[in-house]
Amino acid sequence: MSLDKIIVRGARAHNLKNIDVEIPRDKLVVITGLSGSGKSSLAFDTIFAEGQRRYVESLSAYARQFLGQMEKPDVDQIEGLSPAVSIDQKGVSHNPRSTVGTVTEIYDYLRLLFARVGVPHCPECGRPVRPQSAEQIVDSILHMPQNSRIQILAPLIRDRKGHHQAIFDDVRKAGFVRVRVNGEVRSVDDEIELDRYKNHTIEAVVDRLVVRHDPHDESEDAQAAKSRLTDSLETALRLGSGLVIINDVTDPDNPVDNLYSEHLYCPYDGTSIPEIEPRTFSFNSPHGACPACQGLGTTKMIDPDMVVPNKSLSLEDGAIAGWPTEDKAGYYWQLLKATAVHFEIPTDVPVRELTEAQMHILLQGSGSEQVVVTYKNRQGDPRRYLTNYEGVVPNLWRRYNESTSDYVRDKLEDYMVDMPCPECGGSRLQPVARAVDINGTTITEVVKMPVLNIVPWVDKLRDEKNTPLTDRQAMIAKPILKEIGDRVTFMVNVGLDYLTLDRTAGTLSGGEAQRIRLATQIGSQLMGVLYVLDEPSIGLHQRDNARLIHTLQGMRDLGNTVLVVEHDEDTMRAADWVIDLGPGAGTRGGEVVAEGSPDFIAAHEKSLTGAYLSGRQGIPIPKKRRKGTGETLMIRGARENNLKALDICIPLGKFICITGVSGSGKSSFLIEILSKKLSQHFYKSKTVPGKHDDIEGLDYLDKVIEIDQSPIGRTPRSNPATYTNLFNPIRDLFASLPESKVRGYKPGRFSFNVKGGRCEACGGQGQNKIEMQFLPDIYVPCDVCHGARYNRETLQVRYKELNIADVLDLSVDDALEFFTNVPTIKRKLKTLQDVGLGYIKLGQPAPTLSGGEAQRIKLSRELSKIATGRTMYILDEPSVGLHSHDVAKLIVALNKLVDKGNTVIIIEHNLDIIKVADYLIDMGPEGGHRGGEIVAAGSPEEVAQVETSYTGQWLKQYLNGRSA
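Heads up: the sequence shown is residues 17 to 980, going by our numbering.
Written out as structure tokens, the structure is:
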């Protein structure tokens, strides 16, 4: 067996056509090709699947039942396979307890660091709390100035009422002759009478000494003095339950108390602190989690903006959405009306015209002031009573907490949002953990820093010459800081320097989550592993590509094979080996078109990838840009996340790209503010838009459509034909055939979702699941319909020799030819083909479609609709997963929407798309807190002239001919 290659023989997964591939080991290898050409089938469903299956097979049957179920891939043989690790874009954790810090394991090391070298502070008064042994306290005393006069005091009573005669008796019996009472030294033989109703502080005077020290004096007298000091100190600590006061009376007029403790105890306010351990900083542990939010960092609270979503309505028109005020004779309206009359609040004007004080009364209540409510009882008799007006927000919150009905609580949650926990401020941690610092910085402050800022913080602590740590702390922290430093550096190298460690993992994009896992894998420093990655450049600006490529090469240089499914030109050029699959997609793909070095691929005549790499083919720059309709949409005061109160102007009737480095604020603006606000405006959506002041120009639009990458369906019953409504005319066509009319078949007969025409043995799914206790579940074709989904009678109806099951098995390209004479079907099929989906099958189950394919199916459905010319289409990185040849088709499809007078606005990093846009809004200049501004806006040519724009710098190359 060859040790320098991974040899694949007879790969047939999905559309792969029994191909043989040889992949050089310990190299950076890119698999590329058209969308649907078989890249993922080869990389993930064949090579990675077999690598993982072999690992699972090596385990016991008992262990296998707890692991993922792995089917044997359809391949004859794979030789030279290493242990395989997949880093894809799926599997973003939606657990609210997962954060960037926990996923990357950086937070685990931070917990260890703060537990071992952090300085605890009292959570009440903020003073440092350090435990000290008797020996350490003696050393501290001996460092006092020579001839200092001190008293060693044992605290007995602190700020407690009583006459405390028993305490004085105990001191006398113990052989001590003096006590300090409320700061005054008294003899225990004196009659000490205390006011039992006042607070008193009592300490026993254990010893009085003069500090004399000479480190070179080893005489008996010196040793005896030190021994006496130690004995007295230990006695005081025992009497004072671990506390001792060293009272410096060198200056009788200005005595100074120094308090020492053997425990983590604040002697100033009596707060005891448990031992600081790593779990003290874990918000997933009861030892560290904030008790108010259980470590989630957020709590549900009534949001006034959701209670009053439309401020253009008056109280009479129903502005208070959280209360049923439609019934003007009902209790809630009468209560609201009585309050309005009492406080002179108008009920017939838009609530936006009410004063802040008036809105506060309506929402938060009247306090102690009462109002007179008039109402009619069930018999219609008028009644009056005096009551406090509770307020809408407190009323909803009380009903939510008191209700035992899930239905009521679910309805009330429509008016609630997750807000930072008021107890911990969103830090997730209990007070003791929040009060531990290293050089003045707490763990809460560290996790709120962008990763880029953590690097210098770690470097300062690691600096041997200028570290603020003590020698002992530095020795303990050294290996921990190395792990933290390496991991944050890896995150910077994969373009995630703008993220904070406290960011919830569920809010990350697929590309960000993949690069986080990539950084984690690099941190593990594994060798001899096969890494399989799925488009790691997704969501990454061209500026950061070089760092990502350098990271991939670093993984290779450790002795790993890095196999990347990728369309990015820079990544392909940096690869050691490229495998180009094709020549087409779907049934027309699945073959190896070319394999070799990037230069070899670029020169290969049959390689479509090579044609774009070499410049033989390209996406042309439009000769002129659209002028648009002349109307604009103006967003005022955009402040969501890192946006810095921006006013953003969007010209309508144009193809617009929002660009900028990762984390610059693109999604915050387009998805969180604009898309959600438009959805709320047009469809009364209950989603809460991001923070902004106002949006002007909404009258120029009649609807908004966000075309995202969420699945078109969650079950195999959903497919492209059903989603695009293509299946309806197909079923109508089959129902109109003479055979169907004779049998009395209606369109419903040809649905696999209802009884009648479907196979009842499998419920119309075409397959049955057999559960295996210790082995993977097996899906076997239905014994009755053999995978056709329909019963025998339904399948007897044929159109052009094909039955309904045969039609669902056609690809879009084949179906277009088959239905060429049926205009209603042909038109919908043509839009699917136009967006580059000619290779997918009409009945392909929705769960098998990628996010990019799902997005383009949605796009095709919009293209098939009759345009109003006043629609805004919003897309987030539609080029994901697309080959340059498919990008060209996507551009044509998007331009068709704009040519009808609509506005298309997308977030995009692909320069081939950016260069053909009519208008760009470039955000930045950096990510995170250093972003959130508009760096440049205008046509691509105008943005290319802005020197501070990273997008402009790269765009200039493309406009000057690269890839064109």
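Idealized CB from N, CA, C, for every residue including glycine.
For clarity, every value in this text was computed on a predicted model and none was experimentally measured.
Next item on the list: Starting from Val389, trace the beta strand (DSSP E) both ways and give me its first and last residue.
Entry: Secondary structure note for Val389: its beta strand (DSSP E) is the uninterrupted segment Gln386 to Lys392.
Margin query: Run through the DSSP bridge pairs and tell me what Tyr401 is partnered with.
Written below: Its beta-bridge partners are Val389.
Notebook entry, point to check: Could you give the distance in angstroms between the alpha-carbon of Thr246 and the alpha-carbon of Val154?
Noted result: Between Thr246 and Val154, the C-alpha separation is close to 6 Å.
Note to self: With a threshold of 7 Å on Cβ separation, who are the neighbours of Phe766 within its own chain once the five nearest residues in sequence on each side are excluded?
What the structure shows: Arg747, Phe750, Ala751, Gly773, Thr810 and Ile820.
Check: Does the Cβ of Glu372 have 16 or more other Cβ atoms within 10 Å, making it buried, or fewer, making it exposed?
Finding: With fewer than 16 other beta carbons inside 10 angstroms of its own, Glu372 counts as exposed.
Margin query: My parser needs the beta strand (DSSP E) runs of 3 or more residues fully inside the region 19-43; what are they?
Written below: Runs of the beta strand (DSSP E) inside the region 19-43: 21-27 and 35-40.
Notebook entry, point to check: What are the uninterrupted segments assigned as beta strand (DSSP E) that are 3 or more residues long and contained completely in the region 751-788, given in chain order?
Noted result: Taking only runs of at least 3 residues, the beta strand (DSSP E) segments lying wholly in the region 751-788 are 783-786.
Item checked: Buried or exposed by the 16-neighbour rule on C-beta atoms within 10 Å, applied to Lys33 -> By the 10 Å Cβ count, Lys33 comes out exposed.
Notebook entry, point to check: Assuming Ala451 and Pro136 make a contact with CB atoms under 8 Å, what is their CB distance in whole Å?
Noted result: Their Cβ separation, rounded to whole angstroms, is 6 Å, which keeps Ala451 and Pro136 in contact under 8 Å.
Next item on the list: Apply the 10 Å Cβ neighbour rule to Gly52 and answer buried if 16 or more other Cβ atoms are within range, or exposed otherwise.
Entry: Its Cβ being crowded by 16 or more others within 10 Å, Gly52 is buried.
Check: What's the C-alpha gap between Ser74 and Leu497?
Finding: Looking at the backbone, the Cα of Ser74 and that of Leu497 are separated by about 37 Å.
Next item on the list: Going by CA-CA distance only, name the one from Phe60, Arg655 and Gly852 that's closest to Ser900.
Entry: When Phe60, Arg655 and Gly852 are compared, the shortest CA-CA separation from Ser900 is found for Gly852.
Next item on the list: Pull up the distance between the alpha-carbon of Gly256 and that of Asp211, whole angstroms please.
Entry: Roughly 23 Å separates the two Cα atoms.
Item checked: Val154, enclosing alpha helix (DSSP H) - first and last residue -> Note, Val154: alpha helix (DSSP H), Ala150 to Leu158.
Notebook entry, point to check: With distances taken from CA atoms, which of Thr390, His358 and Gly338 is nearest Val408?
Noted result: Distances from the alpha-carbon of Val408 to those of Thr390, His358 and Gly338 put Gly338 closest.
Check: Excluding the five sequence neighbours on either side, which residues of its own chain have a C-beta within less than 6 Å of the C-beta of Val272, listed in chain order?
Finding: Leaving aside the five residues that flank Val272 on each side, the residues in its chain whose CB is nearer than 6 Å to its CB run, in chain order, Asp264.
Check: So Val828 packs on Ile856, CB below 8 Å; how close in whole Å?
Finding: The beta-carbon distance between Val828 and Ile856, rounded to whole angstroms, is 6 Å. This is short enough to meet the 8 Å contact definition.
Check: Does DSSP put Ile856 in a helix, in a strand, or in coil?
Finding: Ile856 falls in the coil class under three-state DSSP.
Note to self: On a Cα-Cα basis, can you pick out the residue from Arg444, Leu662, His179 and Ser553 that is closest to Tyr213?
What the structure shows: With distances taken between CA atoms, Tyr213 lies nearest to His179 out of Arg444, Leu662, His179 and Ser553.
Notebook entry, point to check: Is Thr645 helix, strand or coil by DSSP?
Noted result: Residue state, collapsed to three classes: coil.
Next item on the list: Give the DSSP bridge partners of Ile554, in chain order.
Entry: None; Ile554 has no bridge partner.
Check: Do you know how far the Cα of Thr341 is from the Cα of Gln969?
Finding: Approximately 57 Å, taken between the alpha carbons.
Next item on the list: Report the option in Asp513, Lys353 and Leu913 whose CA atom is closest to the CA atom of Arg563.
Entry: Nearest C-alpha to Arg563: Asp513.
Check: Per the contact definition of three or more C-beta pairs closer than 8 Å, is the region 646-658 in contact with the region 700-710?
Finding: Between the region 700-710 and the region 646-658, the count of Cβ pairs shorter than 8 Å is three or higher; the stretches touch.
Note to self: Is it buried or exposed, His925, if we count other Cβ atoms within 10 angstroms and call 16 or more buried?
What the structure shows: So His925 counts as buried.
Note to self: Relative to the C-alpha of Phe685, which candidate in Ala737, Arg113 and Asn658 has its C-alpha closest?
What the structure shows: The option with the nearest alpha carbon to Phe685 is Asn658.
Notebook entry, point to check: Where Gly606 and Leu624 are concerned, what is the direct C-alpha to C-alpha distance, given to the nearest angstrom?
Noted result: So the two alpha carbons sit approximately 14 Å from each other.
Notebook entry, point to check: Below 8 Å between beta carbons: does that hold for Val221 and Phe184?
Noted result: Cβ distance not < 8 Å, so Val221 and Phe184 don't count as in contact.
Notebook entry, point to check: Is the region 930-947 touching the region 498-506, taking contact as three or more C-beta pairs under 8 Å?
Noted result: As far as the Cβ criterion goes, the region 930-947 does not touch the region 498-506, which means the pair count is below three.
Check: Counting Cβ pairs closer than 8 Å, one from the region 888-898 and one from the region 638-646, do we hit at least three?
Finding: Counting C-beta pairs with one atom in each stretch, the region 888-898 and the region 638-646 have fewer than three that are closer than 8 Å, which means they do not touch.
Next item on the list: Within its chain, find whatever has a CB closer than 6 Å to the CB of Asn455; leave out the 5 residues flanking it on each side and keep chain order.
Entry: Answer for Asn455: Pro484, listed in chain order.
Next item on the list: For Glu140, I'd like the list of residues in its chain whose CB is within less than 6 Å of its CB, leaving aside the five on either flank, ordered along the chain.
Entry: Annotation for Glu140: Asp285 and Thr287 place their beta carbon closer than 6 Å to its own, counting only its chain and skipping 5 residues before and after.
Next item on the list: Flag this pair as yes or no: are the beta carbons of Ile565 and Asp586 separated by less than 8 Å?
Entry: Between Ile565 and Asp586, the CB-CB gap stays under 8 Å.
Item checked: For Ile459, the nearest candidate out of Ser298, Met435 and Pro325 (CA to CA) -> Ranking the options by Cα distance to Ile459, first place goes to Ser298.
Check: Do we get a CB-CB distance below 8 Å when we pair Pro398 with the residues of chain C?
Finding: Among the chains of the structure shown, chain C does not appear; only one protein chain is present.
Next item on the list: Rounded to whole angstroms, what's the CA-CA distance from Val323 to Glu429? Just pull it up for me.
Entry: In this model, Val323 and Glu429 are separated by some 11 Å (Cα to Cα).
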